[in-house]
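Notes follow once the structure below has been shown.
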Amino acid sequence: MQDEASVFDSQFTDARRAAVAATLGDEFGIVLFAAGKPVGKPGGLDTCYPFIPHPEYYWLTGYRRPGGVLALVPGEGFRHFTQYPTARERLFDGSEGIPPGDDVEKLGEWIESLSSPLTVLGAGIVGVEGIEVDADRTVAARQKVNIVRRRKDASELELMRQANLATIAGYERIVALIRPGISERLLQIELEAEFFRGGADGVGYDTIIGTGPRASVLHGAPSQAVVAAGDVVLVDAGAQHKGYTTDVTRTYAASGKFSPQQQAFYDAVTAAIDTCLAGCRPGVEWHDIHRLAASTMADALRDMGILKIDSQTALETEAISLFFPHGIGHFVGLGVRDVGGHAPGRQPDQQCLGVNVRVDLPLEPGHLMTVEPGLYFVDGIIDDGENREKYRDAVDWEKLESWRGIGGVRLEDDVLVTDGEPEVITAGIPR
Ligand code: GLY
Ligand code: MN
Ligand code: MN
Numbered sequence: 002m003q004d005e006a007s008v009f010d011s012q013f014t015d016a017r018r019a020a021v022a023a024t025l026g027d028e029f030g031i032v033l034f035a036a037g038k039p040v041g042k043p044g045g046l047d048t049c050y051p052f053i054p055h056p057e058y059y060w061l062t063g064y065r066r067p068g069g070v071l072a073l074v075p076g077e078g079f080r081h082f083t084q085y086p087t088a089r090e091r092l093f094d095g096s097e098g099i100p101p102g103d104d105v106e107k108l109g110e111w112i113e114s115l116s117s118p119l120t121v122l123g124a125g126i127v128g129v130e131g132i133e134v135d136a137d138r139t140v141a142a143r144q145k146v147n148i149v150r151r152r153k154d155a156s157e158l159e160l161m162r163q164a165n166l167a168t169i170a171g172y173e174r175i176v177a178l179i180r181p182g183i184s185e186r187l188l189q190i191e192l193e194a195e196f197f198r199g200g201a202d203g204v205g206y207d208t209i210i211g212t213g214p215r216a217s218v219l220h221g222a223p224s225q226a227v228v229a230a231g232d233v234v235l236v237d238a239g240a241q242h243k244g245y246t247t248d249v250t251r252t253y254a255a256s257g258k259f260s261p262q263q264q265a266f267y268d269a270v271t272a273a274i275d276t277c278l279a280g281c282r283p284g285v286e287w288h289d290i291h292r293l294a295a296s297t298m299a300d301a302l303r304d305m306g307i308l309k310i311d312s313q314t315a316l317e318t319e320a321i322s323l324f325f326p327h328g329i330g331h332f333v334g335l336g337v338r339d340v341g342g343h344a345p346g347r348q349p350d351q352q353c354l355g356v357n358v359r360v361d362l363p364l365e366p367g368h369l370m371t372v373e374p375g376l377y378f379v380d381g382i383i384d385d386g387e388n389r390e391k392y393r394d395a396v397d398w399e400k401l402e403s404w405r406g407i408g409g410v411r412l413e414d415d416v417l418v419t420d421g422e423p424e425v426i427t428a429g430i431p432r
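First residue of the sequence shown? That's 2 in my numbering, and the numbers climb one at a time after it.
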């Protein structure tokens with residue numbers, strides 16, 4: 002049987018392994034990075050969801066087969082264990098080669114023979130004698146590995162560029178198709194088909210398409226709903242290539258031209274994304290990027306007469322979260338939520354201006370971020386009695402009704418922080 006080729010050239014996995022070994026030292030004993038096993042579908046008997054190797058394992062090996070474990074032995078180096086194919090697998094899945102390594106069945110025996118402390122990363126390991134997971138050690142080791150993983154190397158960026166080419170192809174296709182009468186479903190089908198034709202091997206996440214008021218559903222699944230004249234059409238989708246995915250949102254006019262109100266909304270979000278993309282530089286706090294988007298859009302909402310307060314007050318009172326109810330973005334790349342988190346010493350899941358911003362750290366070169374400002378009229382927020390009371394004097398609730406039919410506008414791009422100008426990887430996707 003042939004070896005499964007690694008997705009990454011060994012110069013990259015060698016460098017990643019060296020960086021991980023250096024950051025972990027011998028504090029954690031032997032460290033295991035587990036690929037994980039396929040997850041069964043509820044009630045699905047022997048059927049499983051498509052397998053995704055745990056990113057900590059995949060990033061260090063480039064192997065996509067389940068069951069593998071990469072072991073780091075401090076002072077010695079790395080050793081790979083691989084899952085040998087069963088006769089059943091050969092029958093149903095073919096014989097495509099497996100990653101080189103020792104039989105993973107021997108992992109427990111090997112660990113016991115070393116009698117060293119153990120830390121388990123990746124997908125975790127259950128049911129192997131001699132392997133006990135210490136959750137605190139896992140958390141501490143992961144925090145160190147995360148810092149290394151956050152910086153994208155040239156090989157990862159190349160895969161992102163491949164994913165981006167497929168994403169451009171998909172968006173160009175649907176820009177030509179969007180018109181009154183076409184359904185969200187048909188747009189999804191054409192978008193995703195073009196992703197595949199453009200070299201994608203999947204979608205990085207479930208495609209989001211919302212027309213008219215449905216554009217306000219942040220993660221709305223495409224439906225049979227039909228685009229009406231005068232709608233905005235929000236599309237949030239990314240092509241995936243070998244585990245790497247873009248995460249892009251565009252909002253288009255159904256009839257090719259926005260109404261004056263839609264244009265004002267669109268211009269506000271455009272100003273926010275362009276200012277924020279330009280601001281993604283080393284040392285800048287991610288929460289400040291969120292604040293920049295919020296204040297840019299609060300100024301615009303005041304100009305529209307929807308907010309009756311200035312932007313500083315809209316941020317202080319968190320009134321802006323009525324219309325911008327999500328974080329400005331997140332790490333992206335190896336999965337639509339790539340490793341992010343918070344700087345050491347900070348608390349996870351800190352709120353910023355009334356929303357969860359996910360990431361809380363200063364940017365560094367090599368960080369790849371989504372920037373995704375949006376303005377929406379979400380029924381559940383706008384019609385909430387407590388919000389109406391709390392922000393009685395901050396919002397012109399009557400005027401808001403004449404804007405509400407827009408639904409929402411979001412724009413999203415993926416930007417690489419560099420030592421110089423930020424590089425917008427997804428700039429080629431038509432706005
Ligand atoms: N595609 C979901 C998001 O933008 O995070
Ligand atoms: Mn996103
Ligand atoms: Mn998105």
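Just so it is clear, CB atoms sit at the ideal spot from N, CA and C, and this is done for glycine as well. These numbers come from a predicted model, not from an experiment.
When you measure from the CB of residue 415 to every non-hydrogen atom of ligand 3, does any distance come out below 6 Å? Counted from its first residue, the sequence shown places residue 415 at position 414. No, the Cβ of residue 415 stays beyond 6 Å of every heavy atom of ligand 3.
Answer yes or no: do residue 199 and residue 177 have a C-beta to C-beta separation smaller than 7 Å? Reading the sequence shown from its first residue, position 198 is the one you call residue 199. Reading the sequence shown from its first residue, position 176 is the one you call residue 177. For residue 199 and residue 177, no; Cβs fall outside 7 Å.
Can you look up residue 246 in the DSSP assignment and give me helix, strand or coil? Stepping through the sequence shown from its first residue, residue 246 is reached at position 245. DSSP places residue 246 in strand when its eight states are reduced to three.
Tell me whether residue 237, by its Cβ, gets closer than 6 Å to a heavy atom of ligand 3. Position 236 of the sequence shown, counting from 1, holds the residue named residue 237. Residue 237 Cβ: within cutoff of ligand 3.
Looking at the structure shown, is residue 262 part of a helix, part of a strand, or coil, going by DSSP? Position 261 of the sequence shown holds residue 262. Of the three classes helix, strand and coil, the one that applies to residue 262 here is helix, per DSSP.
With a threshold of 16 other CB atoms inside 10 Å of the CB of residue 359, please say whether the residue is buried or exposed. If you number the sequence shown from 1, residue 359 lands on position 358. Flag for residue 359 reads buried.
For residue 211, write down the residues that DSSP places opposite it in a beta bridge. Position 210 of the sequence shown, counting from 1, holds the residue named residue 211. Its beta-bridge partners are 235.
Cross-strand partners of residue 204 (DSSP beta bridge): Counted from its first residue, the sequence shown places residue 204 at position 203. For residue 204, which the question treats as bridged, DSSP gives the partners 240.
For ligand 2, any of its heavy atoms closer than 6 Å to the Cβ of residue 402? In the sequence shown, the residue the question calls residue 402 occupies position 401. No.
Bridge partners for residue 286 per DSSP, in chain order? One-based indexing of the sequence shown puts residue 286 at position 285. Per DSSP, 363.
Let me know if residue 243 comes out buried or exposed under the rule of 16 or more other beta-carbons within 10 Å of its beta-carbon. Position 242 of the sequence shown, counting from 1, holds the residue named residue 243. Residue 243 comes out buried.
Coil, strand or helix - residue 303 by DSSP: Working through the sequence shown from its first residue, we reach residue 303 at position 302. If DSSP states are grouped into helix, strand and coil, residue 303 belongs with the helices.
Outcome for residue 393 when other beta-carbon atoms lying within 10 angstroms are tallied against a minimum of 16: As a working mapping, residue 393 is identified with position 392 in the sequence shown. Burial call: exposed.
Put residue 352 into one of helix, strand or coil per three-state DSSP. Taking the sequence shown and counting its residues from 1, one reaches residue 352 at position 351. Correct three-state label for residue 352: strand.
Sequence-distant residues of the same chain with beta carbon closer than 8 Å to residue 276, five excluded per side: Numbered from its first residue, the sequence shown carries residue 276 at position 275. So the qualifying residues of the chain are 293, 294 and 297.
Taking just the CA atoms, how far does residue 52 sit from residue 40? Position 39 of the sequence shown, counting from 1, holds the residue named residue 40. Position 51 of the sequence shown, counting from 1, holds the residue named residue 52. One C-alpha to the other measures close to 7 Å.
Helix, strand or coil for residue 146? Go by DSSP, reduced to three states. Translated into positions along the sequence shown, residue 146 becomes position 145. Of the three classes helix, strand and coil, the one that applies to residue 146 here is helix, per DSSP.
Residue closest to residue 188, alpha-carbon to alpha-carbon, out of 378, 172 and 91: Within the sequence shown, numbered from 1, the residue matching residue 188 stands at position 187. With distances taken between Cα atoms, residue 188 lies closest to 172.
Local Cβ density within 10 Å of residue 220, reported as buried at 16 or more and exposed below that: Taking the sequence shown and counting its residues from 1, one reaches residue 220 at position 219. The residue is exposed, with fewer than 16 neighbouring Cβ atoms inside 10 Å.
What's the call for residue 96, buried or exposed, on a 16-neighbour Cβ count within 10 Å? Along the sequence shown, read from residue 1 onward, the residue named residue 96 stands at position 95. When all chains shown are included, residue 96 counts as exposed.
Nearest to residue 305 by CA position, among 339, 265 and 290, is which residue? Counting from 1 along the sequence shown, the entry for residue 305 is found at position 304. For the residues 339, 265 and 290, the minimum Cα distance to residue 305 belongs to 265.
Nearest-angstrom Cα distance between residue 278 and residue 249? On the sequence shown, residue 278 is found 277 positions in, with the first residue counted as 1. On the sequence shown, residue 249 is found 248 positions in, with the first residue counted as 1. Each residue's alpha carbon lies about 13 Å from the other.
Could you tell me the distance, in whole angstroms, from the CA atom of residue 446 to the CA atom of residue 319? As displayed, the chain neither begins before 2 nor continues past 432, which places residue 446 out of reach and without an answer.
Leaving out five residues on either side along the sequence, give the residues of the same chain with a beta carbon under 8 Å from the beta carbon of residue 307. In the sequence shown, counting from the first residue as 1, residue 307 sits at position 306. Only 324, 396, 397, 400, 401 and 404 meet the Cβ criterion.
Measuring CB to CB, does residue 368 end up less than 7 Å from residue 337? Taking the sequence shown and counting its residues from 1, one reaches residue 368 at position 367. Taking the sequence shown and counting its residues from 1, one reaches residue 337 at position 336. No, the pair does not count as a contact, with Cβ atoms beyond the cut-off.
Could you tell me whether the region 347-359 touches the region 374-389, using the rule of 3 or more Cβ pairs below 8 Å? no
As an exercise, report each continuous beta strand (DSSP E) stretch of at least 3 residues that is fully enclosed by the region 107-148, in chain order. 119-123
Pull up the CB-CB distance for residue 175 and residue 236, whole angstroms please, since I reckon it's below 8 Å. In the sequence shown, the residue the question calls residue 175 occupies position 174. In the sequence shown, the residue the question calls residue 236 occupies position 235. Going by Cβ atoms, the distance from residue 175 to residue 236 rounds to 7 Å, so yes, they are a contact pair.
Pick helix, strand or coil for residue 57, following the three-state DSSP scheme. Counting from 1 along the sequence shown, the entry for residue 57 is found at position 56. In this structure, residue 57 counts as helix in the three-state DSSP scheme.
Return the bridge partner residues of residue 357 from the DSSP annotation. To locate residue 357, count along the sequence shown from 1; it is residue 356. Bridge partners of residue 357: 352.
Please state the DSSP three-state secondary structure of residue 80. Translated into the one-based positions of the sequence shown, residue 80 becomes position 79. Note: residue 80 maps to strand in three-state DSSP.
Stretch-stretch touch, CB-based, cutoff 8 Å, three pairs: the region 198-217 with the region 162-169: yes
Three-way DSSP call (helix, strand, coil) for residue 177 in this model: In the sequence shown, counting from the first residue as 1, residue 177 sits at position 176. Coil, per DSSP.
Would you identify the three-state DSSP class for residue 413, choosing helix, strand or coil? Residue mapping note: residue 413 aligns to position 412 of the sequence shown, counting from 1. In this structure, residue 413 counts as strand in the three-state DSSP scheme.
With C-beta atoms as the reference, is residue 5 less than 7 Å away from residue 34? The residue given as residue 5 occupies position 4 in the sequence shown. The residue given as residue 34 occupies position 33 in the sequence shown. No, the Cβ-Cβ distance between residue 5 and residue 34 is not below 7 Å.
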